[in-house]
Ligand SMILES: NC(=O)c1ccc[n+]([C@@H]2O[C@H](COP(=O)([O-])OP(=O)(O)OC[C@H]3O[C@@H](n4cnc5c(N)ncnc54)[C@H](OP(=O)(O)O)[C@@H]3O)[C@@H](O)[C@H]2O)c1
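Residue numbers (this note's numbering): 1 to 329.
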């Protein structure tokens with residue numbers, strides 16, 4: 001099978017399309033013919049091996065898992081002897097980070113619990129956009145942000161991979177959403193349901209006198225956190241920082257919470273919670289959430305796709321189309 005393989009840390013060009021052995025499913029595994037994957041910030045971090053802490057699970061000197069790609073959408077081709085939930089032909093999707101990744105390839109074999117049935121009303125490309133970003137947005141809003149109907153919620157970085165899901169998932173909780181993005185993405189963020197939009201190139205939301213019950217931050221600029229905290233949160237408000245460094249996640253969030261009345265904190269999304277993926281699938285099938293896709297790249301252009309995401313201005317998700325690229329390769 002074809003796979004995009006890397007043997008050493010470095011710029012995105014370390015990824016090379018190669019012929020590798022097709023996996024054979026173990027007893028508890030399903031073999032998935034991959035149709036699409038998506039790019040996430042972790043693909044960039046683990047390509048470059050920077051920040052260095054990423055090497056804790058990917059190996060200090062060279063990458064342990066040589067095929068990246070954590071979002072997967074495809075069709076079950078074969079199942080192991082103990083598999084109960086799936087059969088060949090099922091359309092599935094999920095986040096395979098906990099299984100070591102491997103979605104930048106024609107096939108992957110993973111434990112059945114890693115995946116769920118794909119939403120019936122969207123394409124494989126749409127489904128590949130969902131797992132990492134939408135589950136992170138859901139956990140940020142619901143579990144860490146304790147979102148409640150009627151609240152005023154601000155999504156900073158509303159136009160990106162996580163932000164476009166955060167806006168729509170927040171609306172499904174019946175809140176008033178303000179999305180912050182650049183000029184070119186204002187209409188898109190409005191179109192996915194934001195009640196108000198703020199163009200950060202024209203206006204600093206921490207200076208406009210508005211206060212929010214919940215702020216979700218997908219941008220990760222620590223120089224403004226004190227301003228979020230002091231000027232933009234309501235007295236009982238919560239600020240959930242999704243973007244940001246490991247250091248921030250470990251120390252700064254808890255410290256800032258302890259030194260003031262508001263709650264401000266960070267978290268690492270847990271992509272193994274299948275019930276959260278199913279929760280989002282239900283929202284998609286109910287028409288309440290629709291993936292926003294910025295660009296699609298064939299498998300052989302994973303390096304270009306990672307570089308594009310690293311630019312920091314994706315308008316929705318960046319997708320890798322595996323099935324199509326295999327045909328044209
Ligand atoms: N905590 C976790 O578990 C977790 C999990 C996954 C990812 N993350 C982190 O979450 C962050 C967002 O990820 P993503 O996949 O959504 O990234 P993304 O797709 O690159 O989106 C980032 C968005 O930020 C916007 N932006 C840039 N500068 C801005 C500013 N000054 N003010 C407001 N918006 C601004 C950009 O919009 P414009 O083009 O409109 O400027 C862009 O759409 C990354 O830092 C990633 O590492 C955290």
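All C-beta atoms, glycine included, are put in the ideal place defined by N, C-alpha and C.
Can the beta-carbon of residue i be found closer than 9 Å to that of residue j?
i           : j           : result
residue 68  : residue 101 : yes
residue 106 : residue 22  : yes
residue 322 : residue 309 : no
residue 214 : residue 146 : yes
residue 205 : residue 240 : no
residue 136 : residue 157 : no
residue 334 : residue 13  : Because the chain in this structure spans residues 1 to 329, residue 334 falls outside the shown range and cannot be described.
residue 331 : residue 210 : Nothing can be reported for residue 331, as the shown portion of the chain is limited to 1 through 329.
residue 32  : residue 1   : no
residue 163 : residue 132 : no
residue 159 : residue 185 : yes
residue 134 : residue 289 : yes
residue 38  : residue 123 : no
residue 34  : residue 4   : no
residue 183 : residue 195 : no
residue 6   : residue 42  : no
residue 30  : residue 112 : yes
Near residue i, which residues of its chain fall below 6 Å by C-beta distance, leaving aside the five closest residues on each side in sequence?
i           : result
residue 55  : 49
residue 231 : 206
residue 166 : 137, 155, 216
Do you know offhand how far residue i's Cα is from residue j's?
i           : j           : result
residue 233 : residue 292 : 28 Å
residue 171 : residue 238 : 17 Å
residue 108 : residue 282 : 25 Å
residue 280 : residue 174 : 16 Å
residue 89  : residue 200 : 46 Å
residue 307 : residue 9   : 15 Å
residue 11  : residue 236 : 43 Å
For chain C, is any of its Cβ atoms less than 9 Å away from the one on residue i?
i          : result
residue 30 : Among the chains of the structure shown, chain C does not appear; only one protein chain is present.
Among the residues of its own chain, which have a CB less than 7 Å from the CB of residue i, if the five just before and after it don't count?
i           : result
residue 325 : With a pLDDT of 43 at residue 325, under the threshold of 50, the modelled position of that residue is not reliable, and no figure is offered here.
Is there contact between the segment 149-162 and the segment 109-128, where contact requires at least three CB pairs shorter than 8 Å?
Touching, no, given that fewer than three Cβ pairs across the two stretches are closer than 8 Å.
For the segment 70-88 against the segment 237-245, are there 3 or more C-beta pairs whose distance is under 8 Å?
Not touching, per the Cβ criterion.
Entirely within the segment 100-134 and at least 3 residues each: give me those beta strand (DSSP E) ranges in chain order.
107-111, 115-117, all fully within the segment 100-134.
Suppose only complete runs of 3+ residues qualify. What are the beta strand (DSSP E) ranges in the segment 6-78, listed by chain order?
As far as the segment 6-78 is concerned, its whole beta strand (DSSP E) runs of at least 3 residues are 16-19, 29-38.
Please list the segments of the alpha helix (DSSP H) lying wholly inside the segment 163-240, counting only runs of 4 or more residues, in order along the chain.
With a minimum length of 4 residues, the continuous alpha helix (DSSP H) runs that stay inside the segment 163-240 are 186-191.
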